[in-house]
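One structure is given here, and the rest of the page talks about it.
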Amino acid sequence: MYTVVPGNQAVTVETRTVALPALEHALYGAVVYPPLSLLQQPLLANHQPLYSDVDWSAAQKVPGVVKCVAQQNFLAVLAAQETTAKQAKALVRVSWVGAASQAPAFNDAEGYSWDASVDNGLAWSVAQYEHETLHVWLSTAYPHQLRDELMVLASLPAERIQIYQSVEPLTEAYDEAVQAAVLALQVKQPVVMRAESGLQTIKLVSLASESGAWESNVVPGLGTSVAAKLLGWQTKDKQGVQLATEYVGDRRYNHAQWLAPVGAQRDYAAALTFAAESDFDESLRTHGVDPLQERLVQVQDERGRRLIQRAAEQAGWVNDDGIAYTPKKQNHGYGFAYVKAYDYEQKPAQAVWSAWAVELALDTQSQQLSLQKVTVAFDSDQHIPQSDVQQTQIKHRISQWAGKLLGHSAGLEERAAQASDSTSSPQPVGTDIQVVNQSALVGQALAWSATAELPAAAAIANAVKDATQVRLHHAPLDLSLATQRWAIATQAKAKSSKRWLGWLAGAASAAAGLLVVASPWRPAIPPVPRIDTSIFSDIAIERGRLVALAGDCMVCHTADGQATNAGGLALDTPFGKIFTTNITPDPETGIGAWSYKAFERAMRDGIHRDGSHLYPAFPYTSYAKLSDEDLQSLYAYLMTQEPVHAPNKPHELGFPFNFRPALAGWNTLFHTDRQAYQYDEGQTELWNRGAYLVNSSGHCMACHSPRNSLGGEKKGKYFLAGGEVDGWEAPALNALATADVPWTEEALYTYLRTGQSVQHGVAAGPMGPIIEGLAELPEYDVRAMSHYLLNLQGRAESVAAEPQIAAANVQLQQVEQQAQTQLTDVWLMPGRSIYEGACMVCHDSQSGPALFGARPSLAVNTSIQSDSPDNLIQVILHGITRPSSPALGNMPAFKHSLNNQQMEDLLHYLRKQYAPDKKPWENIQTKVQSIRQQPGHL
Numbered sequence: 005m006y007t008v009v010p011g012n013q014a015v016t017v018e019t020r021t022v023a024l025p026a027l028e029h030a031l032y033g034a035v036v037y038p039p040l041s042l043l044q045q046p047l048l049a050n051h052q053p054l055y056s057d058v059d060w061s062a063a064q065k066v067p068g069v070v071k072c073v074a075q076q077n078f079l080a081v082l083a084a085q086e087t088t089a090k091q092a093k094a095l096v097r098v099s100w101v102g103a104a105s106q107a108p109a110f111n112d113a114e115g116y117s118w119d120a121s122v123d124n125g126l127a128w129s130v131a132q133y134e135h136e137t138l139h140v141w142l143s144t145a146y147p148h149q150l151r152d153e154l155m156v157l158a159s160l161p162a163e164r165i166q167i168y169q170s171v172e173p174l175t176e177a178y179d180e181a182v183q184a185a186v187l188a189l190q191v192k193q194p195v196v197m198r199a200e201s202g203l204q205t206i207k208l209v210s211l212a213s214e215s216g217a218w219e220s221n222v223v224p225g226l227g228t229s230v231a232a233k234l235l236g237w238q239t240k241d242k243q244g245v246q247l248a249t250e251y252v253g254d255r256r257y258n259h260a261q262w263l264a265p266v267g268a269q270r271d272y273a274a275a276l277t278f279a280a281e282s283d284f285d286e287s288l289r290t291h292g293v294d295p296l297q298e299r300l301v302q303v304q305d306e307r308g309r310r311l312i313q314r315a316a317e318q319a320g321w322v323n324d325d326g327i328a329y330t331p332k333k334q335n336h337g338y339g340f341a342y343v344k345a346y347d348y349e350q351k352p353a354q355a356v357w358s359a360w361a362v363e364l365a366l367d368t369q370s371q372q373l374s375l376q377k378v379t380v381a382f383d384s385d386q387h388i389p390q391s392d393v394q395q396t397q398i399k400h401r402i403s404q405w406a407g408k409l410l411g412h413s414a415g416l417e418e419r420a421a422q423a424s425d426s427t428s429s430p431q432p433v434g435t436d437i438q439v440v441n442q443s444a445l446v447g448q449a450l451a452w453s454a455t456a457e458l459p460a461a462a463a464i465a466n467a468v469k470d471a472t473q474v475r476l477h478h479a480p481l482d483l484s485l486a487t488q489r490w491a492i493a494t495q496a497k498a499k500s501s502k503r504w505l506g507w508l509a510g511a512a513s514a515a516a517g518l519l520v521v522a523s524p525w526r527p528a529i530p531p532v533p534r535i536d537t538s539i540f541s542d543i544a545i546e547r548g549r550l551v552a553l554a555g556d557c558m559v560c561h562t563a564d565g566q567a568t569n570a571g572g573l574a575l576d577t578p579f580g581k582i583f584t585t586n587i588t589p590d591p592e593t594g595i596g597a598w599s600y601k602a603f604e605r606a607m608r609d610g611i612h613r614d615g616s617h618l619y620p621a622f623p624y625t626s627y628a629k630l631s632d633e634d635l636q637s638l639y640a641y642l643m644t645q646e647p648v649h650a651p652n653k654p655h656e657l658g659f660p661f662n663f664r665p666a667l668a669g670w671n672t673l674f675h676t677d678r679q680a681y682q683y684d685e686g687q688t689e690l691w692n693r694g695a696y697l698v699n700s701s702g703h704c705m706a707c708h709s710p711r712n713s714l715g716g717e718k719k720g721k722y723f724l725a726g727g728e729v730d731g732w733e734a735p736a737l738n739a740l741a742t743a744d745v746p747w748t749e750e751a752l753y754t755y756l757r758t759g760q761s762v763q764h765g766v767a768a769g770p771m772g773p774i775i776e777g778l779a780e781l782p783e784y785d786v787r788a789m790s791h792y793l794l795n796l797q798g799r800a801e802s803v804a805a806e807p808q809i810a811a812a813n814v815q816l817q818q819v820e821q822q823a824q825t826q827l828t829d830v831w832l833m834p835g836r837s838i839y840e841g842a843c844m845v846c847h848d849s850q851s852g853p854a855l856f857g858a859r860p861s862l863a864v865n866t867s868i869q870s871d872s873p874d875n876l877i878q879v880i881l882h883g884i885t886r887p888s889s890p891a892l893g894n895m896p897a898f899k900h901s902l903n904n905q906q907m908e909d910l911l912h913y914l915r916k917q918y919a920p921d922k923k924p925w926e927n928i929q930t931k932v933q934s935i936r937q938q939p940g941h942l
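Numbering (the working numbering), first residue to last: 5 to 942.
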């Protein structure tokens, strides 16, 4: 629901709620943006166009396109389907005037990065121009600024612009709202605009040639929407949050890759503060200088210096003479960060000073870091009456923000120890939060500002560095990464005189581990009478839900029409039929009596609570690489779900495969690595994050790597080289960049996120439900997976995305044009008439508007290009009954419409028409008959 935003800022928002308009006849827009180099330039005199020519012909031929809009420099496509609009946009050819040559790729190998989003959803907005009034539905923090901008762009008075604010906070959609509004003025239907990407990563690299200067991959923003500038209007007022810390120098955008939308300027300020304060700390520690004392030297602003001193005093970081210093204590870390900024989002603009002092402890036994104390001092000119409630609210805000910075784990105040028995997850540690409210007015306190949160990430990262000697370069911060790298470094520093002892211990440990793995019988772990789920925080449970989605727990452990996670789904393997088990917290038939220790053993070793071996159809060989925190969160999530009493079905396996003790030998051969993922120091954090997800929870190799005769995954050159699952071909992932139309990171991200890539096709079969799960993961994670899969061996430097995307679109257009040219022998093939009768209405780009969702191009369909026809036969016979996204639409099954001969004719035609350079498929009728007997895949 939405509430009406009044025209007068002083008036309270009306409580009347309104709903979205009916969207069954809505249009979807896609904007054609000019190169970033043109957007950065000042507005041209007389609103001269940024382009010399625009060719809409290819886009207008895409069925479903309703209108192509050219209004000054604002170019866009309107279509009946969102995917159609995006496909048509990719075919628009624009000759931009004066665009700078492509800048060298941004090299972030030594820099810092920041996820520019705190939520997961894509920004979106709806607009409709009706009865001479413009209606706009969205979620925004700047509704009055939006109305002022729309008054200029639409030439409408304020009373004829109705803005409806979402009751629930959603992703900031200011830019999307302006685009939707501009396009809604062109048509009668509602217009929906959705961001093409929700989360971007801000990257910053220090420029050694200039003191305090930074190179960024993002331009902070224009102060108005991008659409407004393209339409010739830009405000002169300062916008966003701008840093004024003395030792933070100029910013450069020579290698910028994207433009921050309205509302994201604060993200840029947070990223710059994280980078600058981390780099300041790193440089001084390297030269043996106390970073806290040096701040007091370099900060000339008197209010800032007083604030730093007050924060140090409150934290207890002063000696007997009152001189501030950074403490030293074994297995502890102390980090400080400071910022001065001007917040132009406040009216009037506010100057804000903030200092954070963080103390954390390193447990060398469990190799875990925990926040012990957080002291926050802040100052501004905005006062409110003194209140204990206000102080408590500030502490809660600090707790929640620090929790998000630690990888979306629980807020600090929620991490107080509540569990006492070792069967649960490790006990969290309470954190002392102190707030210094530097107000000089008696009886008055300072109003909290989100700007005061800017130093948090750097303060924590600096404390991590002090405790572990590991510098974290990416936020949200991954403390497990720091402790893992600390452990590796600690082990490497073992004295050479004791190396023989280390070798002996290592050999003994390996031998003991081998004996454990090879043991056909393992002791049972006693059941627990009751799991106290109150110890699990909401944030930890949500993190566990995301781990479960990434691991496809619900996909495999839910049978058709049955309760979620209650098991019973049949998995056909070369050795017989295996039924998935009940993983709900039912104490009798599920895992409700499992302690965390039993759960962890199952996930890492493949051993049931009762001591029996689990079949490796359950991919514990991958789940073993999960981090402790993810594994604990997954346990919390599963234990807080609804229990379902559903007895497990017996497997249908013949001898010797039904003899579970024999699996001990299998584990000895194929499950030798039972440790959590190890960070690769030679690769970037983005690459490592992708490697972690792909190889642990994602267990991609379980389907996409071939297996040997014993069911073990082949490694080395066979890693992700293609496999088979449920009668479907799982294509090779180790050669995506060398496909006929090479995959780009952006295309693979879009496919994993939405289930469709314009350049490659639509997800089907077992991949469909997986896409549903990936759609809910943080966008950074899906981008990391895409980056890793296209750079399996690593890459020294980033590659600019725009040229790759442009090249892929050109190749796509060439392939499409080639596919429209039919040779005589293809024209006369018997399969052509079957295609025209059964397929053409949905798949031919010349046959009219898209009627049932997406229109996948067969010219670049990976199933047609594959060496095996299996996936294409599966889709034609069984259809796609549950697409990964409802917008893609269903595909009907032709199992009962086409006989084997007709299937063979159709397949030969499709191969010859759309993959003429590929070798014809053989033994088609045999494959068709075999797949026809299969039940298909939802």
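From the three backbone atoms N, C-alpha and C, an ideal C-beta is built for every residue, glycine too. Predicted model only: the values in this text are computed from it and were never measured.
Review point. Residue 551 to residue 135, Cα distance in whole Å?
Key: The sequence position of residue 551 within the sequence shown is 547, counting from 1. The sequence position of residue 135 within the sequence shown is 131, counting from 1. Whole-angstrom Cα-Cα distance: 48 Å.
Check your understanding: Hey, quick one: how far does the alpha helix (DSSP H) through residue 612 stretch, first residue to last?
Key -> Counted from its first residue, the sequence shown places residue 612 at position 608. No alpha helix (DSSP H) holds residue 612; DSSP gives it neither H nor E.
Practice item. Kindly indicate which three-state DSSP category residue 377 falls into: helix, strand or coil? Key: Counted from its first residue, the sequence shown places residue 377 at position 373. Assigned with DSSP and collapsed to three states, residue 377 falls in strand.
Review point. Over what stretch of residues does the alpha helix (DSSP H) that includes residue 166 continue unbroken?
Key: Position 162 of the sequence shown, counting from 1, holds the residue named residue 166. Unbroken run through residue 166 is the beta strand (DSSP E), 165 to 170; no alpha helix (DSSP H).
Point to revise | Residue of 845, 337, 209, 342 minimising C-alpha distance to residue 487 | key: Counted from its first residue, the sequence shown places residue 487 at position 483. Selected option, being the one with the closest Cα: 337.
Point to revise | CB contact flag (residue 157, residue 165, <8 Å) | key: The residue given as residue 157 occupies position 153 in the sequence shown. The residue given as residue 165 occupies position 161 in the sequence shown. No, the Cβ-Cβ distance between residue 157 and residue 165 is not below 8 Å.
Point to revise | Inter-residue spacing [alpha-carbon to alpha-carbon] between residue 37 and residue 595 | key: Position 33 of the sequence shown, counted from the start, is the residue given in the question as residue 37. Position 591 of the sequence shown, counted from the start, is the residue given in the question as residue 595. Approximately 52 Å, taken between the alpha carbons.
**Study point:** When 347, 128, 192, 183 are compared against residue 174, the one with the closest alpha-carbon
**Key:** Against the sequence shown, residue 174 aligns to sequence position 170. Sorting 347, 128, 192, 183 by C-alpha distance to the C-alpha of residue 174 places 128 at the top.
Exercise for review: Could you check what DSSP says for residue 543 in three-state terms: helix, strand or coil?
Suggested key: Indexing the sequence shown from 1 puts residue 543 at position 539. Of the three classes helix, strand and coil, the one that applies to residue 543 here is helix, per DSSP.
**Study point:** Closest residue to residue 82 among 846, 102, 143, 198 (Cα-Cα distance)
**Key:** The residue labelled residue 82 in the question sits at position 78 within the sequence shown. Among 846, 102, 143, 198, the Cα nearest to that of residue 82 belongs to 198.
**Study point:** Residues of its chain near residue 733, where Cβ-Cβ distance is below 6 Å and the 5 sequence neighbours each way are ignored
**Key:** On the sequence shown, residue 733 is found 729 positions in, with the first residue counted as 1. So the qualifying residues of the chain are 872, 874, 875.
Check your understanding: Near residue 897, which residues of its chain fall below 6 Å by C-beta distance, leaving aside the five closest residues on each side in sequence?
Key -> Taking the first residue of the sequence shown as position 1, residue 897 is located at position 893. Excluding residues within five positions, the ones whose Cβ falls inside 6 Å are 882, 883.
Practice item. Return the chain-ordered list of same chain residues with a C-beta closer than 7 Å to the C-beta of residue 921, the five sequence neighbours on each side being excluded. Key: As a position in the sequence shown, residue 921 is number 917, starting the count at 1. Excluding sequence neighbours, residue 921 sits near nothing in its chain.
Review point. What's the call for residue 5, buried or exposed, on a 16-neighbour Cβ count within 10 Å?
Key: As a first step, residue 5 is located in the sequence shown; it is residue number 1 there, counting from the start. The residue is exposed, with fewer than 16 neighbouring Cβ atoms inside 10 Å.
Check your understanding: Which term fits residue 782, buried or exposed, when burial requires 16 or more other beta carbons within 10 angstroms of its beta carbon?
Key -> As a working note, residue 782 is residue 778 in the sequence shown. Answer is buried; the Cβ neighbour count reaches 16.
Check your understanding: For residue 601, does the three-state DSSP call read helix, strand or coil?
Key -> Position 597 of the sequence shown, counted from the first residue, corresponds to residue 601. DSSP places residue 601 in helix when its eight states are reduced to three.
**Study point:** Whole-number beta carbon distance between residue 698 and residue 792, since they are thought to touch under 8 Å
**Key:** Locating residue 792 in the sequence shown gives position 788, counting from the first residue. Locating residue 698 in the sequence shown gives position 694, counting from the first residue. The pair is a contact, with the Cβ atoms about 6 Å apart (cut-off 8 Å).
Point to revise | residue 561 - DSSP class collapsed to helix/strand/coil | key: The residue you call residue 561 lines up with position 557 of the sequence shown. Coil at residue 561, not helix or strand.
**Study point:** For residue 407, the residue or residues it bridges with in DSSP
**Key:** Start at 1 with the first residue of the sequence shown, and residue 407 comes out as number 403. Per DSSP, none; premise fails for residue 407.
Practice item. Tell me whether residue 163 is buried or exposed, calling it buried when 16 or more other Cβ atoms sit within 10 Å of its Cβ. Key: Residue mapping note: residue 163 aligns to position 159 of the sequence shown, counting from 1. Within a 10 Å sphere around the beta-carbon of residue 163 sit fewer than 16 other beta-carbons, which makes this residue exposed.
Review point. How should residue 469 be labelled, buried or exposed, when 16 other C-beta atoms within 10 angstroms of its C-beta is the threshold for buried?
Key: Within the sequence shown, numbered from 1, the residue matching residue 469 stands at position 465. The residue in question, residue 469, is buried, as its Cβ has 16 or more Cβ neighbours within 10 Å.
Point to revise | Whether residue 220 touches residue 116 by CB criterion (8 Å) | key: Your numbering for residue 220 matches position 216 in the sequence shown. Your numbering for residue 116 matches position 112 in the sequence shown. Cβ distance not < 8 Å, so residue 220 and residue 116 don't count as in contact.
Check your understanding: chain C beta carbons: is any one of them nearer than 8 Å to that of residue 360?
Key -> Protein chains in the displayed structure number just one, and chain C is not present.
Review point. With DSSP run on the structure shown, which of helix, strand or coil describes residue 197?
Key: Indexing the sequence shown from 1 puts residue 197 at position 193. In the structure shown, residue 197 sits in a strand (DSSP, three-state: E or B).
Check your understanding: In its own chain, which residues sit with a C-beta less than 6 Å from the C-beta of residue 582, not counting the 5 before and 5 after it?
Key -> The residue you call residue 582 lines up with position 578 of the sequence shown. Within the same chain, residue 582 has close Cβ partners 575, 619, 621, 655.
Check your understanding: Which residues does DSSP pair with residue 69 in a beta bridge?
Key -> Along the sequence shown, one-based indexing puts residue 69 at 65. The partner list for residue 69 (beta bridge, DSSP) reads 83.
Review point. Are there 16 or more other CB atoms within 10 angstroms of the CB of residue 408, so buried, or fewer, so exposed?
Key: The count along the sequence shown starts at 1 and reaches residue 408 at position 404. So residue 408 ends up on the buried side.
Review point. So what does residue 36 bridge to, in DSSP terms?
Key: One-based indexing of the sequence shown puts residue 36 at position 32. Paired residues: 79.
Review point. At which residues does the beta strand (DSSP E) containing residue 729 begin and terminate?
Key: Along the sequence shown, one-based indexing puts residue 729 at 725. Looking at the DSSP string, the run of the beta strand (DSSP E) that includes residue 729 is 727 to 729.
Check your understanding: Would you report the Cα separation of residue 708 and residue 757, rounded to the nearest angstrom?
Key -> Start at 1 with the first residue of the sequence shown, and residue 708 comes out as number 704. Start at 1 with the first residue of the sequence shown, and residue 757 comes out as number 753. Their backbone Cα atoms lie some 18 Å apart in a straight line.
Exercise for review: Starting from residue 208, trace the alpha helix (DSSP H) both ways and give me its first and last residue.
Suggested key: Counted from its first residue, the sequence shown places residue 208 at position 204. Element bounds for residue 208: not the alpha helix (DSSP H) but the beta strand (DSSP E), 205 to 210.
Practice item. With DSSP collapsed to three states, give me the class of residue 1. Key: Residue coverage of the chain in this structure runs from 5 to 942, which leaves residue 1 outside it and unanswerable.
**Study point:** Buried versus exposed call for residue 641 [16 or more other C-beta atoms within 10 Å across all chains shown]
**Key:** The sequence position of residue 641 within the sequence shown is 637, counting from 1. Its Cβ being crowded by 16 or more others within 10 Å, residue 641 is buried.
Point to revise | Beta-carbon spacing of residue 71, residue 186 below 8 Å | key: The residue labelled residue 71 in the question sits at position 67 within the sequence shown. The residue labelled residue 186 in the question sits at position 182 within the sequence shown. No, they are not a contact pair.
Review point. Helix, strand or coil: how does DSSP classify residue 322 here?
Key: In the sequence shown, counting from the first residue as 1, residue 322 sits at position 318. Reduced to three states, the DSSP call for residue 322 is strand.
Check your understanding: At what residue ranges does the segment 260 to 313 contain a whole run of the beta strand (DSSP E), taking only runs of 3 or more?
Key -> none
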